[in-house]
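*Asks:* In our numbering, the protein residues as written are 24 to 561. Virtual Cβ for every residue (Gly too), placed ideally from N, Cα, C. Handing you this structure, nothing more for now.
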């Protein structure tokens, strides 16, 4: 195979030894298209008629995003996931659980800020998240200096999903013995890039780019039958089509049934059939009006070029009946009924995991008690958290590349580090804050009630674990922080406070005893008889 464009990280030979071969091909969770070396791969026709290629799928998702209801739901999701603030960045790296030296943490934070600036995330976070959410996949090319890789990533260039595809090439064993010894887990992965698009592209067309040179993040939703990555909009395709048909049929019905149409009974006497029809057309040309509805632009115009009996009815009447007569046909009833449209709008929001209550723009925003929070809002908060977690993969991959190129870590160190690196997004969901505050308030009330039983029925560790839900690591961190506060003088040591309280109590008791002794002396002096002089007078 020809050399791949870009760069890749290779494992050391000592790491490749001792691995048992596997006859099972790697999992296809990343949506890579697997094919046998020397063969041909491509997309296939969906018999249901939803899409023919992955290229068409992405195109369909982008068309859906232009619909007003879908766009409104997408904006609700993005505004919850990406919070724009004038002073703070939308995302920060969290290394609290990473057990490395402080110097390494400092370098990791510095490189993450560099990566974030390369993305322009502070300014483009909304657009990046929207693009990923709609397409269901996002690609960036990591541009480096091949002559001096230690400079790290120099530029991150966005690649349209229409032009790139991840491919997994599997070498086919020729004999049964080779099959038993062949390791399908060692298949080669790379990306195929074609500036003209990858619509029905074979494995040999386009530029082959090394896997590590591309940052690739998907929605995480897979069609397991077709091994294709889906967008979060996929399950809303049918509902959106139904909503469009209902809206179009509603508009057409209202336009056609709203006016009170006229019925013309034209007296044609004893005229022959041909002349009667000619006479009827002449009368129609003088009195008829023609309203045309353009579904593309939504305009209504008076157009007399087309013959139609939609607006008025013209009926001939022979001699012997009544003469020419004009009557009116009433317009349609219940034209203000929107129940069907509202039903499909609600169903569309549910398909997009957005609370249906957000459809009603007249509902006021209420920051009340957590008991007033709907279950849909809590589910929506968890859904947004899942989106953030998956979207953060774009930072994980670029940060890994940057740290390895800069020599901060070795490639084998990343596997141990990546699970302990987290990304904290700015939060703006008041419902979750209210829930957490009320839960904390309830816990504090329970602590106040249990305080009299500490040391008798409950231990301090039991209360911290079972009531406050603190883990051993959190307890260690909190104890260290409290010790620091005591050392700095911000907080008085509880033991010192107890000793001080005991000293105050002893001092107050001594003062009380002294007062009591003074009162006893005064009482005894008051009871003594007064001294008498020589005359017997007091």
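1. On the three-pair Cβ rule with 8 Å, is the region 396 to 416 touching the region 372 to 384?
2. Three or more C-beta pairs closer than 8 Å, one from the region 148 to 165 and one from the region 94 to 106: is that the case here?
3. How many Å lie between residue 186 and residue 157 at the Cα?
4. What are the residues that DSSP puts in a beta bridge with residue 215?
5. Mind checking who residue 290 pairs with in its DSSP beta bridge?
6. From this set, 318, 111, 247, which residue's C-alpha is nearest residue 271's C-alpha?
7. Is DSSP giving residue 63 helix, strand or coil here?
8. Is it buried or exposed, residue 471, if we count other Cβ atoms within 10 angstroms and call 16 or more buried?
9. Could you give the residue range of the alpha helix (DSSP H) that holds residue 133?
10. When DSSP builds the beta bridges, which residues end up paired with residue 161?
11. Are the region 159 to 176 and the region 237 to 246 touching by the rule of at least three beta carbon pairs closer than 8 Å?
12. For residue 235, count the other beta carbons within 10 Å of its own beta carbon; 16 or more makes it buried, fewer makes it exposed. Which is it?
13. Looking only at its chain, what residues have a beta carbon closer than 8 Å to the beta carbon of residue 128, apart from the 5 residues adjacent to it on each side?
14. Give the secondary structure of residue 276 by DSSP, where H, G and I count as helix, E and B as strand, and everything else as coil.
15. Could you have a look at residue 245 and say whether DSSP puts it in helix, strand or coil?
16. Go ahead and pull the three-state DSSP assignment for residue 371.
17. Please go through the region 417 to 457 and give each complete alpha helix (DSSP H) segment of 4 or more residues, from N-terminal end onward.
18. Taking the continuous alpha helix (DSSP H) assigned at residue 497, which residues delimit it?
19. Is the Cβ-Cβ distance between residue 169 and residue 141 less than 8 Å?
20. Can you tell me the Cα-Cα spacing of residue 447 and residue 143, whole angstroms?
21. Taking the alpha-carbon positions, what's the residue 293 to residue 276 distance?
22. Expressed to the nearest angstrom, what Euclidean distance is found between the alpha-carbon atoms of residue 231 and residue 237?
23. Give the straight-line distance between the Cα atoms of residue 508 and residue 467, rounded to the nearest whole angstrom.
24. Can you have a look at residue 476 and say buried or exposed, based on whether 16 or more other CB atoms are within 10 angstroms of its CB?
25. Could you tell me the distance, in whole angstroms, from the CA atom of residue 79 to the CA atom of residue 105?
26. What's the C-alpha gap between residue 189 and residue 218?
27. So, are the CB atoms of residue 430 and residue 173 less than 8 Å apart?
28. Could you give the distance in angstroms between the alpha-carbon of residue 495 and the alpha-carbon of residue 372?
29. What number of angstroms, rounded off, separates the C-alpha of residue 534 from the C-alpha of residue 546?
30. For residue 296, I'd like the list of residues in its chain whose CB is within less than 8 Å of its CB, leaving aside the five on either flank, ordered along the chain.
31. Kindly indicate the opening and closing residues of the alpha helix (DSSP H) around residue 85.
32. For residue 136 and residue 425, which I take to be in contact (beta-carbon distance under 8 Å), what is that distance rounded to the nearest angstrom?
33. Leaving aside the five residues before and after residue 139 along the sequence, list all residues of the same chain whose C-beta is less than 8 Å from its C-beta, in chain order.
34. How far does the beta strand (DSSP E) with residue 114 in it extend, from its first residue to its last?
35. Excluding five sequence neighbours on each side, which residues of the same chain lie with their C-beta closer than 8 Å to the C-beta of residue 367?
*Replies:* Here's the rundown:
1. The answer is yes - the region 372 to 384 touches the region 396 to 416, with three or more Cβ pairs under 8 Å.
2. Result yes; three or more Cβ-Cβ pairs closer than 8 Å.
3. Rounded to the nearest angstrom, the two C-alpha atoms are 16 Å apart.
4. DSSP lists 188, 231 as partners of residue 215.
5. Looking at the DSSP assignment, residue 290 forms a beta bridge with 340.
6. Checked all of 318, 111, 247; the closest Cα to residue 271 is 318.
7. Confidence at residue 63 is low in this model, with a pLDDT of 42, below 50, so the placement of that residue is unreliable and no value is reported for it.
8. When all chains shown are included, residue 471 counts as exposed.
9. Going by DSSP, residue 133 is part of the alpha helix (DSSP H) stretching over 125 to 142.
10. Its beta-bridge partners are 240.
11. Contact check between the region 159 to 176 and the region 237 to 246: three or more CB pairs, one atom from each, fall below 8 Å, which counts as touching.
12. Buried.
13. Within the same chain, residue 128 has close Cβ partners 118, 121.
14. If DSSP states are grouped into helix, strand and coil, residue 276 belongs with the helices.
15. Correct three-state label for residue 245: strand.
16. Looking at residue 371 - three-state DSSP - the assignment turns out to be helix.
17. Fully enclosed alpha helix (DSSP H) runs of 4 or longer: 434 to 440.
18. Under the DSSP assignment, residue 497 falls in the alpha helix (DSSP H) whose first and last residues are 495 to 511.
19. In this structure, residue 141 does not lie closer than 8 Å to residue 169 by Cβ.
20. Counting only the Cα atoms, residue 143 lies some 17 Å from residue 447.
21. Here the C-alpha atom of residue 293 lies approximately 38 Å from the C-alpha atom of residue 276.
22. Cα to Cα, the separation comes out at about 11 Å.
23. Going from the Cα of residue 508 to the Cα of residue 467 covers about 21 Å.
24. Using a 10 angstroms sphere on the CB of residue 476, the tally of other CB atoms stays under 16, which defines it as exposed.
25. Distance between residue 79 and residue 105, taken at the CA atoms: about 28 Å.
26. Rounded to the nearest angstrom, the two C-alpha atoms are 15 Å apart.
27. In this structure, residue 173 lies closer than 8 Å to residue 430 by Cβ.
28. One alpha carbon belongs to residue 495, the other to residue 372, and they sit about 42 Å apart.
29. It is roughly 19 Å from the alpha-carbon of residue 534 to the alpha-carbon of residue 546.
30. None.
31. It spans 77 to 87 - the alpha helix (DSSP H) in which residue 85 sits, taken as one unbroken run.
32. With 8 Å as the limit, residue 136 and residue 425 do not qualify as a contact, their Cβ atoms being about 11 Å apart.
33. The answer, listed in chain order, is 112, 114, 145, 418.
34. Boundaries of the beta strand (DSSP E) around residue 114: 114 to 117.
35. So the qualifying residues of the chain are 262, 265, 266, 269.
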